[in-house]
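**Q** Next up is a structure, given as structure tokens.
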Amino acid sequence: MSSEIKQIGVDRPLPEDVDYLNFRFKPFKEMTDEDYAFIGFRSGLEIHQQLLTKKKLFCRCPAGQYSSEFDAEILRHMRPTLSELGEYDGTALMEFKTHKEILYHINRDTVCTYEMDDTPPFELNEEALDNALEIGLLYKCSLVDEIHIARKQYLDGSIPTGFQRTTIVGLNGSIPFKDRIVDIVQLGLEEDSCREFSDIDHRRVYLTDRLGIPLIETVTAPQMITPDEVAEVGEILRKLTRSTGKVRTGLGAGRQDVNVSVHGGTRIEIKGVPRLPSIPRLTYNEAMRQFNLLRLRAELNARGVTPETFSSQTEDVTRIVSKTKYQPIHDAVKAGKMVRCVKLSGFKGLLNWQTQTDTYFSREISDRVRVIACLTTLPNIVHSDSMTDTLTTAKWKEVRKAMNAEENDAVVLVWGDSRDTETGAKEIIIRAQEATVGIPSETRQALSDGTNGFERILPGADRMYPDTDLPPKRITDDRISTCSSELPEYFWKRQDWYRDLGVLEDCIDSLSISRFADLFKKLVEEDQINPKFLGVVFVQFMKRLRKNNVPLEDLTVEMVEKILLAHKTEKIAREGLLDMLALIACKGDVLEENLPKIPSEEEVETVVTASATEAVKLTPDVDGSRHRLAMRLAMASLKGRYSGNKLATRVAAALRGLN
Amino acid sequence: MTNNDNYKGYRGEALATLKRFKAMVWSDVEIKTSTGTFIGIVLPRSENADPLHVVIKVRSGYNIGILSEKITDIKITGRKEANYKIPEKEFPYSPGKPMVKLFGTGGTIASRLDYRTGAVIPAFSPGELYGSVPELADICNLETEKLYGVFSENMGPEQWRGAAEAIGKEIEKGVAGIVIGHGTDTMHHTAAALSFMVQDSPVPIVMVGSQRSSDRPSSDAALNLMHSVKSAAESDIAEVTVCMFGGTSDVYGLLHRGTRVRKMHSSYRSTFRTIGDIPVAMVDRDKITPIRQDYKRRRDDKNVTINTAFEEMVGIVYYYPNMRPDMIDSMIDNGYKGIVIAGTGLGHVNKPLYPALKRAQEAGVAVYMTVQTLWGYVQMYVYDTGRDMMDIGVIPMANMLPEVAYVKLGWAMGQTHDLEEVKKIMHTPISGEITEREPSNGYLIMQGGVPEVEEFISKYRK
């Protein structure tokens, strides 16, 4: 076996007693729980959730300010270190030689010299630590007595230091799920990475605004047994962290990695799933991919292609294909690029072997060539199994002849500059040979169509090491009891109570994780305000305000409490509440002058009489049109200050009096 | 393994707890506490950490500390000792390539980290260096020698002398160039010392370090090493220079003259700057580009003057308002032979110090004035105070950097204690430590926020 072959996962054995590989994978919608049980579907989650802190985790830059504008850029290369790899194997070195230039866009409002890796870390953000400890308590974790900051290496450049500062605050927690529990393996606190802006050829560009924002990483045990369960557990975890009011919300504030394995497969991690609803399809496709790669191995072995007998050959075929009309190769040759051909003995037809939905083995190869050889313009390979028009049949024949390809061989073309195609050809061979062994250990990337693509070779197991820049930090019992006192009630318990109280069903879910949940409880229990009404205010009113772009983040719980109490004492009419909330959110505080003037009895009487008189003058009474008009006129001066119901009654009475 | 190693770094309660349950460093354990169960490997504890916690590495690779008073049981399930070795690959010999000698003084320009303890294991043999920076073999044939193993702040006259003598021997042997790996904090002191102790070298002598240790993927160490080795092997700049990043990006390095360079930021990669002048050259992986022409050229002889005499009883006084004369008095009383003052502005101290300075003159102590502004010349004629000071024997030292003046005064007084002779030596530039003129681009500290500077920063990589 070539020493350059990637690590192959051997986590789980193939079942022996059933005809496993003859299982027919059904379309996504037709798969049943029994099907997933048969293939041994197992999945776990790693949820990354940004914390709502004012500042970043290891420096004092503001957290949560995003901007793609930048005023400077710096260039770095990431170099594999001895500590990561033990020693440089051929692959690592090759990867390094075709290395990427990493460019960071720097905006000085959101990034300081710490994120640039030009200043050592400042002390850990205490606010973030408290938030994390609280969530650890919610998970019923064993909290760590003394936290140690570790460095977790990343060579992709997503963090300018080349490692992420990270620590664990809790271990061995659990959450209830259906009629069982799901274990929380660990809860980490770490700094967020850069956002990728572009990745073309040998240059990758990152935005640094997100870098350094505190986030928690929740790792569950792989105890979910269907794709739907994975999303459901993700949803519970999302709500649980949300219910603290101490996490960020919005696009990108929560991201998950999902790991999947099947019988005979290995634990594969799919990174960067932005939305929970996309999880079922993604995990389905990964299960299918692993299963189909196992079948591919069986097919290859049946053809006599094993790790030992695997054979391949690479030649420069630029001259042969130089006259092709196939655009990508035509353009490459014209630009003086090279075309290499790789012959894979015994692989005929297998590049079209299905791996995922509408996805074939050739993409596994193309992905590797794209990422490792930096040939990023697609298509980056064509092959003799291709169903679409590429080279003409005659041209393929010529290529095959030059390669001495036999009937059962497949040939693959790759083009680009000489060094990249050399790397690319090697990667084609490596990936093909891996197919004879099993499922390569790699991290994969979630794609929007529900499939996943190669992201990078799995980093070495030993990529964690202590951060020598920061001392360990003791977590005292006092600190933990302070955090305990801040804990929200479990949202599922809140929901039960809301149902008992008769809160509208469509308000219950949101209210149970709302930052107003504690206020709700107080107003119901101490101030005897109607729970159903409060549910509407805290959920539906807020939704409407958000829709009208009212800055809800400026609306504090205290302000809302003041307004609701003012309503209770009839200082604000129900009709005026929404406007009042919007006004307060914009103005910043509940001031007496902001409160509407409650009209005197005389004023109401005058308005009602005048409106009724005017209505009688202006319109005949057809189907209540007089009442509607009189109401409109009266509301114009009493809106938000006087109860609409009472007003309607009085206007009706006044109209009757005029008749 | 000694008993101490078995409990490395543990004290007090944590030590007692480990002993009670017969657990040791590297034991694979299951620890039961009043708040939960933890599984992992017991790690050594940092000597200056508290005596209350036991540290384990859990299976995911993270370390955690467990409060020992909470521990109710430790079950030992095995033992996994860390055993790290830097992979060595034989540095290939290429007949056509120049021979470079790399001296180590203790900086960790190439190293790997012991994951479990966090300790840095320096990599230094050619094989180890080749294992971590294989590109070096494309440049030269390499020989290494470890001179010292001390932190930068512990480098001093003894090490300067040793390094100078070792350099002399290598030049006699005919190497093409010399590289000295050094901690960055005092690299400019050593660079100045070697500039005086090693004169008229026929080959480049390049000092190098790193601001980010080489166990980090973003380290500047490998690139600095490549730049410095390339400069030593190929450049015709036969001077003592410091070779470090020019900007924070991985783009180019600068070769700074050893007597005009200073570390100017506590942590930036591009911390070394030439003060009051411009650097000698830019260097990247492909080429060396001199940006001035007045440097000493490489020769093919093997002649060099090594002069390592050094008077250690000299010191620097950094003047501040309200300084009392006892600061100077104490140096005189303690037998100091020379004092360099870093004065304010053009080179001033307050009046109350005058009597002490007069006493120094009478006691035969040499007193030299430099400026704490770093940029610019001492000018003691402009104000009366300056003239008064010269009357009591304070000698202006032009635009020599305070640290360089300190090193040079020690070196000069190593030659002679005749103060007139010392003065002559001090005033005769040996390696650019005094320049006759300050070019207008020798003082550039761009000020952020100014529109034209912002434009520059957005246009060029930092």
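Residue numbers (numbering that gives the first Met the number 0), protein chains in the order written: chain A, 0 to 658; chain B, 0 to 461. A virtual CB, placed ideally from N, CA and C, is assigned to each residue, including glycine. Please read these numbers as outputs of a predicted model, since none were measured by experiment.
(1) Quick check on the burial criterion: 16 or more other C-beta atoms within 10 angstroms. Buried or exposed for Ala48(B)?
(2) Would you say Ile65(B) and Ile75(B) are within 8 Å of each other, going by their C-beta atoms?
(3) Run through the DSSP bridge pairs and tell me what Asp283(B) is partnered with.
(4) Whose Cβ in chain B lies nearer than 7 Å to the Cβ of Gly161(A)?
(5) Would you mind telling me which residues of chain B sit closer than 7 Å to Val660(A), beta carbon to beta carbon, in chain order?
(6) Can you look up Arg543(A) in the DSSP assignment and give me helix, strand or coil?
(7) Could you tell me which chain B residues have their CB closer than 9 Å to the CB of Thr207(A), listed as they occur along the chain?
(8) Can you give the beta carbon distance from Leu690(A) to His47(A), rounded, assuming they're within the 8 Å contact cut?
(9) Going by C-alpha distance, which of Leu254(B), Phe271(B), Arg256(B) is nearest Lys262(B)?
(10) Run through DSSP, which three-state label would Leu486(A) get?
(11) Any beta carbon of chain B sitting closer than 8 Å to that of Ala127(A)?
(12) Reducing DSSP to helix, strand and coil, say where Ser82(A) ends up.
(13) At a Cβ cut of 9 Å, what residues of the segment 234 to 263 of chain B count as close to chain A, listed as they run along the chain?
(14) Compare the C-beta of Phe37(B) with all C-beta atoms of chain A and state if any pair is closer than 8 Å.
(15) Between Pro530(A) and the rest of its own chain, which residues show a CB-CB distance below 8 Å, the 5 nearest in sequence each way excluded?
(16) Under 8 Å, with one C-beta from each stretch per pair, do the segment 63 to 83 of chain A and the segment 223 to 234 of chain A reach the 3-pair mark?
(17) Where does the unbroken beta strand (DSSP E) through Asp27(B) begin, and where does it stop?
(18) Tell me which residue opens and which closes the beta strand (DSSP E) that Arg414(A) is part of.
(19) Does any C-beta atom of chain A lie closer than 8 Å to the C-beta of Asn62(B)?
(20) Kindly indicate which three-state DSSP category Pro61(A) falls into: helix, strand or coil?
(21) Which word fits Asp144(A), buried or exposed, when buried means at least 16 other C-beta atoms lie within 10 angstroms of its C-beta?
(22) Give a yes or no on whether 8 Å exceeds the smallest Cβ distance from Tyr267(B) to chain A.
(23) For the segment 292 to 303 of chain B and the segment 393 to 410 of chain B, state whether three or more C-beta atom pairs, one from each stretch, are separated by less than 8 Å.
(24) Between the beta-carbon of Val348(B) and the beta-carbon of Ile340(B), is there less than 8 Å?
(25) Can you name the residues of chain A whose CB is closer than 8 Å to the CB of Ala221(B)?
(26) Go ahead and label Val449(B) buried or exposed: buried means 16 or more other beta carbons lie within 10 angstroms of its beta carbon, across all protein chains shown.
(27) Is the Cβ-Cβ distance between Val304(A) and Val320(A) less than 8 Å?
(28) Beta-carbon within less than 7 Å of Thr16(B)'s beta-carbon, same chain only, minus the 5 sequence neighbours each way: which residues are those?
(29) For Pro465(A) and Glu233(B), I'd like the C-alpha separation in whole angstroms.
(30) Run the CB neighbour count on Met386(A), radius 10 Å, all protein chains shown included, and call it buried at 16 or more, exposed below.
(31) Could you check what DSSP says for Asp182(A) in three-state terms: helix, strand or coil?
(32) Would you say Asn379(A) reaches chain B, if we count a Cβ-Cβ gap shorter than 8 Å as a contact?
(33) Between which residues of its own chain and Arg284(B) is the CB-CB distance below 7 Å, once the five residues before and five after are set aside?
(34) Within the same chain, show all residues whose beta-carbon is closer than 6 Å to that of Tyr283(A), passing over the 5 residues directly before and after it, in chain order.
(35) Between the alpha carbons of Tyr87(A) and Val132(B), how many angstroms are there, rounded?
(36) Among the residues of its own chain, which have a CB less than 7 Å from the CB of Asp357(A), if the five just before and after it don't count?
**A** So, from the listed chains and residues:
(1) Translated into the one-based positions of the second sequence, residue 48(B) becomes position 49. With 16 or more Cβ atoms within 10 Å of its Cβ, Ala48(B) is classed as buried.
(2) Within the second sequence, residue 65(B) is the residue found at index 66, counting from 1. Within the second sequence, residue 75(B) is the residue found at index 76, counting from 1. In this structure, Ile75(B) does not lie closer than 8 Å to Ile65(B) by Cβ.
(3) For this step, residue 283(B) is matched to residue 284 along the second sequence. Note: Asp283(B) sits in no beta bridge, so no partner.
(4) Counting from one through the first sequence, the residue named residue 161(A) turns up at place 162. The contacting residues are Arg215, Pro216, Ser217.
(5) Shown here, chain A extends from 0 to 658; a query on residue 660(A) therefore has no answer.
(6) Within the first sequence, residue 543(A) is the residue found at index 544, counting from 1. Three-state DSSP puts Arg543(A) in a helix.
(7) As a position in the first sequence, residue 207(A) is number 208, starting the count at 1. Those do not exist, as Thr207(A) stays about 13 Å from chain B at its closest Cβ, beyond 9 Å.
(8) In the structure as shown, chain A begins at 0 and stops at 658. Residue 690(A) is therefore absent and cannot be evaluated.
(9) The residue given as residue 262(B) occupies position 263 in the second sequence. Of the listed residues, the one whose Cα sits closest to Lys262(B) is Phe271(B).
(10) The residue you call residue 486(A) lines up with position 487 of the first sequence. Of the three classes helix, strand and coil, the one that applies to Leu486(A) here is coil, per DSSP.
(11) Along the first sequence, one-based indexing puts residue 127(A) at 128. No, Ala127(A) lies away from the interface with chain B (no Cβ there is under 8 Å from its Cβ).
(12) Within the first sequence, residue 82(A) is the residue found at index 83, counting from 1. Summary for Ser82(A): the model assigns pLDDT 47, below 50, so the residue's position carries little reliability; its value from the coordinates is reported in the next sentence. Here Ser82(A) sits in helix by DSSP.
(13) Gly246, Thr247, Ser248, Asp249, Val250
(14) Position 38 of the second sequence, counting from 1, holds the residue named residue 37(B). Yes, Phe37(B) lies at the interface with chain A (some Cβ there is under 8 Å from its Cβ).
(15) Translated into the one-based positions of the first sequence, residue 530(A) becomes position 531. Answer for Pro530(A): Tyr497, Leu500, Gly501, Val502, Phe519, Val523, listed in chain order.
(16) no
(17) For this step, residue 27(B) is matched to residue 28 along the second sequence. From DSSP, the beta strand (DSSP E) with Asp27(B) extends over 26 to 32.
(18) For the purposes of this step, residue 414(A) is identified with residue 415 of the first sequence, where counting begins at 1. Note on residue identity: the sequence assigns Trp, not Arg, to residue 414(A). Run containing Trp414(A): 409 to 415, per the beta strand (DSSP E) assignment.
(19) Locating residue 62(B) in the second sequence gives position 63, counting from the first residue. So yes, Asn62(B) belongs to the interface.
(20) On the first sequence, residue 61(A) is found 62 positions in, with the first residue counted as 1. Three-state result, Pro61(A): strand.
(21) Taking the first sequence and counting its residues from 1, one reaches residue 144(A) at position 145. Counting Cβ neighbours within 10 Å, Asp144(A) comes out buried, since at least 16 surround it.
(22) For the purposes of this step, residue 267(B) is taken as the residue at position 268 of the second sequence. With 8 Å as the cut-off, Tyr267(B) counts as an interface residue toward chain A.
(23) no
(24) Sequence index remark: in the second sequence, residue 348(B) carries index 349 (1-based). Sequence index remark: in the second sequence, residue 340(B) carries index 341 (1-based). Yes; because the gap between Cβ atoms is below 8 Å, this pair is in contact.
(25) As a first step, residue 221(B) must be located in the second sequence, where it is residue number 222. Arg78, listed in chain order.
(26) Taking the second sequence and counting its residues from 1, the one referred to as residue 449(B) is at position 450. With fewer than 16 other Cβ atoms within 10 Å, it is exposed.
(27) The residue you call residue 304(A) lines up with position 305 of the first sequence. The residue you call residue 320(A) lines up with position 321 of the first sequence. Cβ atoms of Val304(A) and Val320(A): not closer than 8 Å.
(28) What you label residue 16(B) is simply residue 17 of the second sequence in a count that begins at 1. Same-chain partners within the cutoff: Val53, Ser67, Ile70.
(29) Taking the first residue of the first sequence as 1, we reach residue 465(A) at position 466. Taking the first residue of the second sequence as 1, we reach residue 233(B) at position 234. If I take the Cα positions, the gap works out to 39 Å.
(30) Here residue 386(A) is taken as the residue at index 387 of the first sequence, counted from 1. By the 10 Å Cβ count, Met386(A) comes out exposed.
(31) Numbered from its first residue, the first sequence carries residue 182(A) at position 183. In this structure, Asp182(A) counts as strand in the three-state DSSP scheme.
(32) Here residue 379(A) is taken as the residue at index 380 of the first sequence, counted from 1. False, the Cβ-Cβ gap to chain B never drops below 8 Å.
(33) Here residue 284(B) refers to the residue found at position 285 of the second sequence. Result list for Arg284(B): Met225, in chain order.
(34) Taking the first residue of the first sequence as 1, we reach residue 283(A) at position 284. Counting only Cβ-Cβ distances below 6 Å, and skipping sequence neighbours, we find Phe27, Pro226.
(35) Translated into positions along the first sequence, residue 87(A) becomes position 88. Translated into positions along the second sequence, residue 132(B) becomes position 133. The pLDDT assigned to Tyr87(A) is 46, lower than 50, so where the model puts this residue is not dependable; a value taken from the coordinates is nonetheless given after this. In a straight line, the C-alpha of Tyr87(A) is about 10 Å away from that of Val132(B).
(36) Locating residue 357(A) in the first sequence gives position 358, counting from the first residue. Here the set comprises nothing.
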